[in-house]
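Here it is in structure tokens:
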């Protein structure tokens with residue numbers, strides 16, 4: 002019997018859509034996430050919002066791994082911060098749901114890949130916090146919110162030795178960049194394995210889980226146009242088999 006492809010759960014985002022007649026909350030997920038997972042032999046499973054802990058546990062148990070996607074800003078009070086100028090739209094219910102998915106998956110040692118907002122979810126679950134806007138950094142930064150095509154390469158990420166990132170990419174790799182927030186205080190049991198030349202965190206890895214990796218760029222977009230992201234997705238999915 003052929004072995005089934007690994008199932009990767011992706012918690013959905015939600016936003017309010019306005020029309021001439023009414024407004025409604027709709028789920029959304031950029032297609033590149035599912036396309037990238039399918040390209041490398043996984044079966045994506047989108048996970049709709051719930052605040053029922055039992056259903057969250059059942060959702061996670063359906064999956065061999067979890068991909069935490071990008072999305073809106075994370076509600077500041079969920080990581081003990083006050084809102085400041087420059088913060089974007091957020092949805093506290095969705096944020097709590099994504100945090101719960103991450104937290105419960107970590108308890109079960111499910112493989113986790115966090116992308117953009119996803120790396121920030123991983124950091125917050127571990128007790129870290131964020132720069133609410135990169136303009137608040139106490140140092141000069143390179144461009145982190147590029148304009149133009151999402152697949153275009155923006156800046157270099159440098160990697161530390163003896164890390165999964167170095168295993169995938171060597172000393173450095175060019176990436177795209179679409180974020181205005183970033184990790185400030187790094188959470189417990191996480192190690193920083195990738196930074197830009199300005200010192201902002203671009204990759205973290207768990208020191209205690211079998212596989213828990215977060216990246217600040219968007220490899221799912223790059224994977225549809227370049228081969229450089231192949232090792233990241235291949236290793237993540239291998240850990241989910």
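Numbering (the working numbering), first residue to last: 2 to 242.
Yeah, the Cβ is synthetic: ideal placement off N, Cα and C, and Gly gets one too.
Quick caveat, the model's predicted, so the values are computed rather than measured.
Could you compute how far the alpha carbon of residue 63 sits from the alpha carbon of residue 8? Indexing the chain shown from 1 puts residue 63 at position 62. Indexing the chain shown from 1 puts residue 8 at position 7. Going by the C-alpha atoms only, they are around 8 angstroms apart.
Taking the alpha-carbon positions, what's the residue 141 to residue 30 distance? If you number the chain shown from 1, residue 141 lands on position 140. If you number the chain shown from 1, residue 30 lands on position 29. Straight-line Cα distance between these residues: approximately 32 angstroms.
Would DSSP call residue 35 helix, strand or coil? Here residue 35 is taken as the residue at index 34 of the chain shown, counted from 1. Looking at residue 35 - three-state DSSP - the assignment turns out to be helix.
Taking the alpha carbon of residue 161 as the reference point, which residue from 68, 74, 153, 170 has its own alpha carbon closest? Within the chain shown, the letter at position 160 stands for residue 161. Checking every option, the nearest Cα to that of residue 161 belongs to 170.
Could you give the first and the last residue of the continuous alpha helix (DSSP H) run that contains residue 169? Working through the chain shown from its first residue, we reach residue 169 at position 168. Its alpha helix (DSSP H) spans residues 165-170.
Member of 150, 198, 188 whose CA lies at the smallest distance from the CA of residue 172: For the purposes of this step, residue 172 is identified with residue 171 of the chain shown, where counting begins at 1. Of 150, 198, 188, the residue nearest in Cα terms is 198.
Under the criterion of a Cβ to heavy atom distance below 7 angstroms, does residue 45 qualify as lining the ligand ADP? Questions concerning the ligand ADP fall outside what the structure shown contains, since it holds no ligand whatsoever.
Span separating the alpha-carbon of residue 56 from that of residue 33: In the chain shown, counting from the first residue as 1, residue 56 sits at position 55. In the chain shown, counting from the first residue as 1, residue 33 sits at position 32. So the two alpha carbons sit approximately 26 angstroms from each other.
Between which two residues does the alpha helix (DSSP H) containing residue 104 stretch? Working through the chain shown from its first residue, we reach residue 104 at position 103. Looking at the DSSP string, the run of the alpha helix (DSSP H) that includes residue 104 is 93-108.
Determine the extent of the beta strand (DSSP E) in which residue 12 is found, giving its start and end residues. As a working note, residue 12 is residue 11 in the chain shown. Taken as a continuous stretch (DSSP letters only), the beta strand (DSSP E) holding residue 12 covers 8-12.
Cβ shell of residue 138 (< 6 angstroms), same chain only, five flanking positions each side left out: On the chain shown, residue 138 is found 137 positions in, with the first residue counted as 1. The residues are 132.
Hey, residue 76 and residue 103: beta-carbon distance below 8 angstroms or not? Within the chain shown, residue 76 is the residue found at index 75, counting from 1. Within the chain shown, residue 103 is the residue found at index 102, counting from 1. Cβ atoms of residue 76 and residue 103: not closer than 8 angstroms.
Which of the three DSSP states is assigned to residue 18 in this structure? Taking the first residue of the chain shown as 1, we reach residue 18 at position 17. It is a strand residue.
According to the Cβ coordinates, are residue 178 and residue 155 closer than 8 angstroms? Position 177 of the chain shown holds residue 178. Position 154 of the chain shown holds residue 155. Their beta carbons are under 8 angstroms apart, which means residue 178 touches residue 155 by this criterion.
Could you compute how far the alpha carbon of residue 214 sits from the alpha carbon of residue 26? Residue 214 sits at position 213 when you count from the first residue of the chain shown. Residue 26 sits at position 25 when you count from the first residue of the chain shown. For residue 214 and residue 26, the distance between alpha carbons rounds to 30 angstroms.
Go ahead and label residue 18 buried or exposed: buried means 16 or more other beta carbons lie within 10 angstroms of its beta carbon, across all protein chains shown. Residue numbering aside, residue 18 sits at position 17 when the chain shown is read from its first letter. Answer is exposed; the Cβ neighbour count stays below 16.
From this set, 42, 58, 153, which residue's C-alpha is nearest residue 227's C-alpha? Position 226 of the chain shown, counting from 1, holds the residue named residue 227. For residue 227, the nearest C-alpha among the options comes from 153.
How is the alpha helix (DSSP H) around residue 240 delimited, first residue to last? Here residue 240 corresponds to residue number 239 of the chain shown, with the count starting at 1. First-last of the alpha helix (DSSP H) with residue 240: 231-240.
For residue 235 and residue 23, what's the separation of their Cα atoms in angstroms? Here residue 235 is taken as the residue at index 234 of the chain shown, counted from 1. Here residue 23 is taken as the residue at index 22 of the chain shown, counted from 1. Taking the straight line from one Cα to the other gives about 43 angstroms.
If distances are taken between C-alpha atoms only, which option among 4, 115, 73 comes closest to residue 42? Residue 42 sits at position 41 when you count from the first residue of the chain shown. Of the listed residues, the one whose Cα sits closest to residue 42 is 4.
Assess, as a yes-or-no matter, whether the stretch 105-120 is touched by the stretch 200-217 under the definition of 3 or more beta carbon pairs within less than 8 angstroms. yes
Nonlocal neighbours in the same chain, by C-beta distance under 7 angstroms from residue 49, ignoring five residues either side: As a position in the chain shown, residue 49 is number 48, starting the count at 1. So the list reads 13, 28, once near-sequence residues are dropped.
Identify the residues that DSSP records as bridge partners of residue 156: which are they? Numbered from its first residue, the chain shown carries residue 156 at position 155. Paired residue(s): 176.
Alpha-carbon to alpha-carbon, residue 222 and residue 151: For the purposes of this step, residue 151 is identified with residue 150 of the chain shown, where counting begins at 1. For the purposes of this step, residue 222 is identified with residue 221 of the chain shown, where counting begins at 1. One C-alpha to the other measures close to 7 angstroms.
In terms of residue numbering, what span does the alpha helix (DSSP H) encompassing residue 88 cover? Working through the chain shown from its first residue, we reach residue 88 at position 87. Looking at the DSSP string, residue 88 is not in any alpha helix (DSSP H), and its letter there is neither H nor E.
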